[in-house]
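Residue numbers (our numbering), protein chains in the order written: chain A, 1 to 340; chain B, 1 to 340.
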């Protein structure tokens, strides 16, 4: 049983953050107040990470746990085209959790949060058996500009930010010594980095929105197959993806020489990537390509009419695969979790 | 392992709710959108309830778990003077959790939520070992009218809504057969009712705010002693409470004939009451007393200057007790949880 009170823990954790100027009441009161927003909508999302379900300490340290939990929640704001304002942390700790461990966890929040000028403005601590974090993020978006999953139209092009597959690849090299021993150090490092420190594409989406109007947009948390299926279902269209266009990292190609899965399978099934997939009317593609961003944006396919929602992968060998179920479903797979 | 997907669960759970008109994007997208608020501040709070920590199924059914979890979160909005708009549910379920159980849980949300015209607008499901709920509530308050813990001044009177002590009393009769057998059925029923179905004082606070301006306000989640101490600390004053003025329910008096604690001890230490304690300048007391509310409001003491924050109970026998530590500290007691 901890020999300190929750006040000491929260005090220790809050000390190295500066509040966002829009947050008028933060830690230490009953709730968080975010000041008035004219012409804007408030965006709220919640995401959780639990020891033994979403992570374990064999493959991630406390700082990494904090980083990934916040990244996951922020990615939902990116998926709405929102900019973050603040976040709240509902923390479940084990009996022997120490303030030092709390600080390590919060360092993960800090490293990521400072890039977006945000800090925790409230929360909750309870003692349970394992570490669990439920993170509520609050952001804002110009009125009626919130990006949704519905809206993709026939002829729209499909894009994705960054590269795909390294999260699942990183998980494999972190959990399978035999595989890890066969992969080069550079590739292992590239795979692990994406698994341990994904970066939500808040800024990239903002940059895209300054020049373009995506017809639908989602973050890749479940896996490209399942997440494109969310767009296909909400928009009532088919999405067709070309295998040769998928932005697969070289490290994933190297990894798949040593495992019984192809690179496209890893790419399509890899969840918690926190890249962004979106559809764009064809007449905006030139403007998109003229953007200079810190990560590449790759056209991977197009939107077609269809009798029922589908995501079809056209493979190099001329075959095609239905990939709409490829990715996580937490209740079935016991890995990852799902938005509602 | 459940034989259904999270989509089926979420679909089942969302079906019997109507969205609040201010919620423009709700379940089924990446985040919740709340439309523009001119002259208002958005209030966000998170609270959790975990099986084995905050409740167990010996004393509470699933509907009761849902009710109490949402009541607890809404009470934080009441404590800011806010009106609720919507809520998000981060749900951890065990492997054998069924959609029917989900519906029972959500019935508890429904019974309480419809009184405030709110419904769940998003969330998250993950599979763990036990049931856990982390509820994020979103509300609003007129700009600069958010009620804080600081602001109590010398001479202010101290008030509390409803009655106190039945939550802890209810817990005792629910967990101790011997005690329960000695208490009358009417009293047992009154004690259990408050434990199982506390009602957040959203409407009462709104009614108070229409006529009065409390100098500080808090909800009683930790216990009267600790929560008044939060006001005393934030406001840098002493609070003096008179035992004979405490609004203790007759059932609590009956209970304490059979246990080794006095009625004032139960009253002061009872957490999760979700009543409201507040301080009011003396010149507003008449206006407050003229209000007609559905629950009584009782003056229990006054604010005094002091060298350091304190909460002092003046007892009937002429003695006084420092009660500022009476209540829950979750990390120390393993019962209840604490806000940060």
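Ideal Cβ placement from N, Cα and C applies to all residues, glycine included.
Under 8 Å, do residue i and residue j count as touching if we go by C-beta distance?
| i | j | result |
| --- | --- | --- |
| residue 132 of chain A | residue 104 of chain A | no |
| residue 62 of chain A | residue 101 of chain A | yes |
| residue 249 of chain A | residue 186 of chain A | no |
| residue 276 of chain B | residue 161 of chain B | yes |
| residue 53 of chain B | residue 128 of chain A | yes |
| residue 278 of chain B | residue 216 of chain B | yes |
| residue 118 of chain B | residue 73 of chain B | no |
| residue 157 of chain A | residue 299 of chain A | yes |
| residue 79 of chain B | residue 218 of chain B | yes |
| residue 140 of chain B | residue 83 of chain B | yes |
| residue 87 of chain A | residue 137 of chain A | yes |
| residue 188 of chain A | residue 64 of chain A | no |
| residue 202 of chain A | residue 116 of chain A | yes |
| residue 213 of chain B | residue 284 of chain B | yes |
| residue 124 of chain A | residue 48 of chain B | yes |
| residue 43 of chain B | residue 32 of chain A | yes |
| residue 268 of chain A | residue 152 of chain A | no |
| residue 239 of chain B | residue 155 of chain B | no |
| residue 422 of chain A | residue 66 of chain A | Because chain A is modelled from 1 through 340, residue 422 of chain A falls outside the range shown and cannot be assessed. |
| residue 316 of chain B | residue 244 of chain B | yes |
| residue 264 of chain B | residue 293 of chain B | no |
| residue 255 of chain A | residue 183 of chain A | yes |
| residue 242 of chain A | residue 320 of chain A | no |
| residue 38 of chain B | residue 297 of chain A | no |
Quick check: is any heavy atom of the ligand FAD less than 7 Å from the C-beta of residue i?
| i | result |
| --- | --- |
| residue 45 of chain B | Ligands in the displayed structure: none, and consequently the ligand FAD is not present. |
Secondary structure at residue i, three-state DSSP: helix, strand or coil?
| i | result |
| --- | --- |
| residue 67 of chain A | helix |
| residue 79 of chain B | coil |
| residue 320 of chain A | strand |
| residue 326 of chain A | coil |
| residue 339 of chain B | The predicted model places residue 339 of chain B with a pLDDT of 45, which falls under 50 and marks its position as unreliable; any figure quoted below should be read in that light. If DSSP states are grouped into helix, strand and coil, residue 339 of chain B belongs with the strands. |
| residue 230 of chain A | helix |
| residue 278 of chain A | strand |
| residue 295 of chain B | coil |
| residue 219 of chain A | strand |
| residue 304 of chain A | strand |
| residue 53 of chain A | coil |
| residue 149 of chain B | coil |
| residue 235 of chain A | helix |
| residue 167 of chain B | helix |
| residue 1 of chain B | With a pLDDT of only 35 at residue 1 of chain B, under the threshold of 50, the placement of this residue in the model should not be trusted, and no figure is reported. |
| residue 91 of chain A | strand |
| residue 85 of chain A | strand |
| residue 334 of chain A | Its pLDDT being 38, under 50, residue 334 of chain A is placed unreliably by the model, and nothing is read from it. |
| residue 41 of chain B | strand |
Just confirm the distance between the C-beta atoms of residue i and residue j, as a whole number of angstroms; I'd bet it's less than 8 Å.
| i | j | result |
| --- | --- | --- |
| residue 45 of chain B | residue 150 of chain B | Wrong, their Cβ atoms sit about 18 Å apart, outside the cutoff. |
| residue 272 of chain A | residue 198 of chain A | 7 Å |
| residue 327 of chain B | residue 252 of chain B | The pair is not a contact, with the Cβ atoms about 16 Å apart (cut-off 8 Å). |
| residue 190 of chain A | residue 310 of chain A | Incorrect: roughly 32 Å between the Cβ atoms, too far for contact. |
| residue 341 of chain B | residue 270 of chain B | Since the first and last residues shown for chain B are 1 and 340, residue 341 of chain B lies out of range. |
Can you give me the start and stop residues for the beta strand (DSSP E) that residue i sits inside?
| i | result |
| --- | --- |
| residue 158 of chain A | 157–161 |
| residue 209 of chain B | It is not in any beta strand (DSSP E) - residue 209 of chain B instead sits in the alpha helix (DSSP H) that spans 202–211. |
| residue 181 of chain B | Run containing residue 181 of chain B: none in the beta strand (DSSP E); it sits in the alpha helix (DSSP H), 177–182. |
| residue 134 of chain A | 132–142 |
| residue 191 of chain B | Here residue 191 of chain B belongs to no beta strand (DSSP E); instead the alpha helix (DSSP H) covers 185–196. |
| residue 263 of chain A | No beta strand (DSSP E) holds residue 263 of chain A; the alpha helix (DSSP H) holding it covers 263–269. |
| residue 260 of chain A | Counting along the chain, residue 260 of chain A falls outside any beta strand (DSSP E), and DSSP gives it neither H nor E. |
| residue 124 of chain B | 120–128 |
| residue 33 of chain A | 32–34 |
| residue 313 of chain B | 310–314 |
If I follow the unbroken alpha helix (DSSP H) through residue i, where does it start and stop?
| i | result |
| --- | --- |
| residue 289 of chain A | 285–290 |
| residue 112 of chain A | 99–113 |
| residue 254 of chain B | 250–256 |
I want to verify the contact list: residues of chain D whose CB lies under 7 Å from the CB of residue i, in sequence order.
| i | result |
| --- | --- |
| residue 138 of chain A | The structure shown has no chain D; the protein chains it does contain are A and B. |
Members of the segment 111–126 of chain B that neighbour chain A once the beta carbon cut-off is set at 7 Å: 122, 123, 124, 125, 126
Under 8 Å (Cβ pairs) to chain A, residues found in the segment 42–61 of chain B: 42, 43, 44, 45, 46, 47, 48, 50, 52, 53, 54
Cβ-based contacts, 9 Å cut-off: residues of the segment 88–101 of chain B near chain A: 88, 89, 90, 91, 92, 93, 95, 97
Chain B contacts made by the segment 266–287 of chain A, where a contact means CB separation under 7 Å: none
Interface residues of the segment 234–257 of chain A facing chain B [CB-CB below 8 Å]: 234
Chain B contacts from the segment 198–211 of chain A (Cβ-Cβ distance under 7 Å): none
Interface residues of the segment 146–170 of chain A facing chain B [CB-CB below 9 Å]: 146, 147, 148, 149, 150
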